[in-house]
Amino acid sequence: MAKVERSLIDPIGEVNFHSSKMDLSNNVKKLRLKIENFLIRKGYLLLLVGFLLGRALILSKLTPFSLPFFAVVYFVKKDWAPMALVGLVAGAVTVSYANAASTFAISFLFLFIYRLSKRWLENEAKALPVYVSSILAAGKLAESFITTGQLSIYDAMMTGVQAGLAFILTLIFLQSIPLLTWSKRRQPLKTEEIVCVIIMLASIMTGTIGWVVYSLSIEHIMSRYLVLVFAYVAGATVGSTVGVVTGLIFSLANVSSFYHMSLLAFSGVLGGLLKEGKKLGVAVGLLIATLLIGMYGEGGGSLVLDVLESVAAIALFLLTPKALTARLAKYIPGTPEHLAEQQKYMRKMRDVTAQRVSQFSNVFHALSKSFSQSNEQQFDEDGDRELDYFLSNVTEKTCQTCFKKEHCWTRNFNTTYEYMEDIIHEMDLNDGVVSGKLSREWDKHCTRSKKVIEVIQQELTFFQANQKLKKQVKESRRLVADQLQGVSEVMENFAKEIQRERENHHKQEEQIMEALQDFGIQIEQVEIYSLEKGNVDIDIVLPFGNDHGECEKLIAPLLTDILGESIIVSTEDSSSYPQGFCQATFRSSKAFVVETGVAHAAKDGGLVSGDSYSMIEIGCGKYAIAISDGMGNGERAHYESQETLQLLQKFLQSGIEEKVAIKSVNSVLSLRTTDEIFSTLDLAMIDLQNASTKFLKIGSTPSFIKRGNKIIKIESSNLPMGILQEFEVDVVSQQLKAGDLLIMMSDGVFEGPKHVENYDAWMKRKIQELETNDPQEVADLIMEEVIRSRSGLIEDDMTVTVAQIKHNTPKWASIPVEKFKKRA
1 MAKVERSLID PIGEVNFHSS KMDLSNNVKK LRLKIENFLI RKGYLLLLVG
51 FLLGRALILS KLTPFSLPFF AVVYFVKKDW APMALVGLVA GAVTVSYANA
101 ASTFAISFLF LFIYRLSKRW LENEAKALPV YVSSILAAGK LAESFITTGQ
151 LSIYDAMMTG VQAGLAFILT LIFLQSIPLL TWSKRRQPLK TEEIVCVIIM
201 LASIMTGTIG WVVYSLSIEH IMSRYLVLVF AYVAGATVGS TVGVVTGLIF
251 SLANVSSFYH MSLLAFSGVL GGLLKEGKKL GVAVGLLIAT LLIGMYGEGG
301 GSLVLDVLES VAAIALFLLT PKALTARLAK YIPGTPEHLA EQQKYMRKMR
351 DVTAQRVSQF SNVFHALSKS FSQSNEQQFD EDGDRELDYF LSNVTEKTCQ
401 TCFKKEHCWT RNFNTTYEYM EDIIHEMDLN DGVVSGKLSR EWDKHCTRSK
451 KVIEVIQQEL TFFQANQKLK KQVKESRRLV ADQLQGVSEV MENFAKEIQR
501 ERENHHKQEE QIMEALQDFG IQIEQVEIYS LEKGNVDIDI VLPFGNDHGE
551 CEKLIAPLLT DILGESIIVS TEDSSSYPQG FCQATFRSSK AFVVETGVAH
601 AAKDGGLVSG DSYSMIEIGC GKYAIAISDG MGNGERAHYE SQETLQLLQK
651 FLQSGIEEKV AIKSVNSVLS LRTTDEIFST LDLAMIDLQN ASTKFLKIGS
701 TPSFIKRGNK IIKIESSNLP MGILQEFEVD VVSQQLKAGD LLIMMSDGVF
751 EGPKHVENYD AWMKRKIQEL ETNDPQEVAD LIMEEVIRSR SGLIEDDMTV
801 TVAQIKHNTP KWASIPVEKF KKRA
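Quick note on the working numbering: the sequence shown kicks off at 1 and runs consecutively.
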């Protein structure tokens, strides 16, 4: 019973727990925003920083921080300059009243001179460090002369050192102050910006020199805390850099603190190396460094104090909110948070691009839908309406002045209308001739029968022209709709391709590199873009040697065993790597390959043939074989057929579906010229994954498939391209098998044999008699047989292409790699 009651109560308690947790998180967030608003947006952080920098000293005497800080704040955010000056003067008062007066006087002198000469400055940012160093030098020299009544070489040297430090600090503050105050930083920090921030933070902390709480030095605690934070966020490299820079700044401020630089640098390295252990690991690194430096550095006298200071720094570090360290990590290159932020930004840009492409796809789809909305019913209604208009024109010229008008159109409307409709139909079918039977019946019905027939003949010519024009417009709209739909599909696929993220394959990349190097192959870099089955895509950068085929003979077989599928070398490129390296791309091999052969001859043995052919792999695992026969012979026919194939190739490579591509090519050919120049097209699209093939024949001769002793004929009936603006493309599908021979030919070959009544039977017999399966030999033998039948004469352009489908057998056997199993 207790269990039942508990199961009923727990969900409520869980809801209350999550609710209180969310309330606490919201309260913390509100508090953080209030603190940020008070310190950053209202500028009180500059008051605190100015106070610390106002009392910061170098070599226990020099104060180079005040004027650079005030000058940069005035340059970047003029409204907050008074608050920064108040903080500087307040901090200087804690050192001495003379120092406070000097700080105020030099700041006022800078403000007066800078505002007076500002109008003549072209680049204020470049001039600002010069102004600061010059005015600080002049002010310090004047101060020395007023206090001592003379100027010594020592005073001049110290003033020069101070002016030089002020020049450098101005450049540093120009980089770092905006980063820590009001600037909404979006880009990652550069290396020099990180160093500038560290120097500025260390300079600020020098203002705590001399502050002691229970014998614990605040400067030591804060410096170690700073090293802990950066080592935890960015690792050993940045952690050691922070330690060295901070220790150097403290050693300049107080020579007795010089040994702390080694402690801070060592703790930064150890903490960064142990950052995998989270905050506790970094804290352990600081404790180890403190013990080692304390025991072997200055002796064990102050070891307990050093450990207590480190423990205090660790306590502050453990109390630091995770949101603060995560926020800082986003701006430091190389951190996981920065990489995640970059990936988030790239993902956003990718999604925006994909969304824009998808929007364009929707636009094209909407346009396609708009063009295809004229359906057959609307077309039929328009046709009936136009027939009524046609009859109205006829009756206006004949029946309006007839005395029997009332008899024909009022009492016998249906009969008269049907007679006229039959007359129009027969004239349309019989080139303006009306049958005798209908003519006699019409004579009995109408007193002006001959006049009516003559007018119908006259009006019918215009009616037919109008109907033909409207049909062409309708067909053109349908073609445009198909083309727009094809473009829409291509863009939609492109949008989906954009949204495919490159997966992280760091583990697999390391394994492949290690396996290849263990085998004795030197590899510079491995990048895996896809490990999808059948779509592997890997780039490998390796030294460019003597080109003995290492990629094909060694690397591809090794990858074949590691990945568990046949891998081939897709491309090798050494042009992009001039320093002795080349990049090889390895991809999945296809299930089938196509070996081709071609034989062609021009009419009468000429050099230019009206036939053109193309055999290319168009991507997406498809192989295209095409033959185009231009009308006639010679250069013009060659140009037409070549242009047909080039247009088709561009359409297919863009990803547009085959039928739409052919219709688009036909539209271009039929609209670009009024000459009676046409071309045929014979296209076979072979899918290399399963050997399924689509045949699209436009005015072309049959193709043949030789499968052992069986001959399969592939044919279709379509007019040549360019004759009609719109036609239906018949697609014939056929499943090919390994070992099949696909034979395609132009009409010069198919209809070439002399004294042959049945070209199909003759060609099938010749193909069946072939004793070879080599594609080139088959093409040559067919061409030779046709020419022999013509007694050696070539009376038309002749082209024959032969393709053999084969299983893709790797050239080199896979090399077993025992250490790494498939797709680890």
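Glycine included, every Cβ here is placed at the ideal spot set by N, Cα and C.
Is it right to say residue i is buried, meaning 16 or more other beta carbons lie within 10 angstroms of its own, or is it exposed?
{"i": "W120", "result": "exposed"}
{"i": "H407", "result": "exposed"}
{"i": "E454", "result": "exposed"}
{"i": "W211", "result": "exposed"}
{"i": "I805", "result": "buried"}
{"i": "R347", "result": "exposed"}
{"i": "Q377", "result": "Residue confidence is low: Q377 scores 46 on pLDDT, short of 50, so the model does not pin down where it sits. No coordinate-derived value is stated."}
{"i": "I512", "result": "buried"}
{"i": "N666", "result": "buried"}
{"i": "Q885", "result": "Because the chain here runs from 1 to 824, residue 885 falls outside it and cannot be looked at."}
{"i": "I199", "result": "buried"}
{"i": "Y214", "result": "exposed"}
{"i": "W80", "result": "buried"}
Just how far apart, CA to CA, sit residue i and residue j?
{"i": "A312", "j": "I293", "result": "18 Å"}
{"i": "L303", "j": "A283", "result": "17 Å"}
{"i": "G300", "j": "A56", "result": "Residue placement at G300 is poorly supported in this model, since its pLDDT is 44, which falls under 50; the coordinates still yield a value, given next. Their backbone Cα atoms lie some 30 Å apart in a straight line."}
{"i": "F173", "j": "V93", "result": "23 Å"}
{"i": "F145", "j": "T246", "result": "34 Å"}
{"i": "V89", "j": "L111", "result": "15 Å"}
{"i": "A556", "j": "E192", "result": "44 Å"}
{"i": "D561", "j": "I567", "result": "9 Å"}
{"i": "D740", "j": "E769", "result": "15 Å"}
{"i": "S183", "j": "Q355", "result": "Note that S183 has pLDDT 49, beneath the 50 cutoff, so the model's placement of it is unreliable and the number below is only indicative. Each residue's Cα considered, the two are about 31 Å apart."}
{"i": "L305", "j": "S107", "result": "40 Å"}
{"i": "H365", "j": "I528", "result": "35 Å"}
{"i": "A231", "j": "L280", "result": "12 Å"}
{"i": "M615", "j": "Q653", "result": "13 Å"}
{"i": "V433", "j": "F413", "result": "24 Å"}
{"i": "I540", "j": "K590", "result": "20 Å"}
{"i": "P178", "j": "S358", "result": "40 Å"}
{"i": "E341", "j": "T320", "result": "22 Å"}
Assign residue i to one of three DSSP states: helix, strand, or coil.
{"i": "C620", "result": "coil"}
{"i": "T241", "result": "helix"}
{"i": "D604", "result": "helix"}
{"i": "K650", "result": "helix"}
{"i": "E715", "result": "coil"}
{"i": "V304", "result": "helix"}
{"i": "R347", "result": "helix"}
{"i": "S262", "result": "helix"}
{"i": "Y827", "result": "Missing from the structure shown is residue 827; the chain here goes from 1 to 824 and no further."}
{"i": "K61", "result": "coil"}
{"i": "L558", "result": "helix"}
{"i": "S733", "result": "strand"}
{"i": "S435", "result": "coil"}
{"i": "Q725", "result": "Because Q725 sits at a pLDDT of 49, beneath the cut-off of 50, its placement in the model cannot be relied upon, and the following sentence gives the value as read from the coordinates. If DSSP states are grouped into helix, strand and coil, Q725 belongs with coil."}
{"i": "R832", "result": "Residue 832 lies beyond the range of the chain shown here (1 to 824); nothing can be said about it."}
{"i": "G564", "result": "coil"}
{"i": "P543", "result": "strand"}
{"i": "N375", "result": "Below a pLDDT of 50, predicted positions are generally treated as unreliable, and N375, at 48, falls in that range; no measurement from the model is reported."}
What first and last residue would you give for the alpha helix (DSSP H) that runs through residue i?
{"i": "Y74", "result": "S66 to V76"}
{"i": "F51", "result": "Y44 to G54"}
{"i": "H425", "result": "F413 to L429"}
{"i": "F750", "result": "D747 to F750"}
What residue does the beta strand (DSSP E) around residue i start on, and which one ends it?
{"i": "T94", "result": "Note, T94: premise wrong, no beta strand (DSSP E); not H, not E."}
{"i": "E552", "result": "E552 -> no beta strand (DSSP E), and no H or E assigned at all."}
{"i": "D780", "result": "Careful: D780 lies outside any beta strand (DSSP E), inside the alpha helix (DSSP H) at P775 to S789."}
{"i": "T320", "result": "Where T320 is concerned, there is no enclosing beta strand (DSSP E), given that its DSSP letter is neither H nor E."}
My understanding is that residue i touches residue j, with C-beta atoms under 8 Å, so please give their C-beta distance in whole angstroms.
{"i": "S716", "j": "I743", "result": "With 8 Å as the limit, S716 and I743 do not qualify as a contact, their Cβ atoms being about 16 Å apart."}
{"i": "E441", "j": "N393", "result": "Going by Cβ atoms, the distance from E441 to N393 rounds to 23 Å, so no, they are not a contact pair."}
{"i": "A202", "j": "I153", "result": "Not confirmed; about 31 Å, so no contact."}
{"i": "I686", "j": "T693", "result": "5 Å"}
Could you check whether the Cβ of residue i sits closer than 7 Å to any heavy atom belonging to the ligand COA?
{"i": "L88", "result": "With respect to the ligand COA, the structure shown offers nothing to examine, as it has no ligands at all."}
So that I know if they touch, is there some Cβ in chain C lying closer than 8 Å to that of residue i?
{"i": "E595", "result": "This model lacks chain C altogether, as it is built from one protein chain only."}
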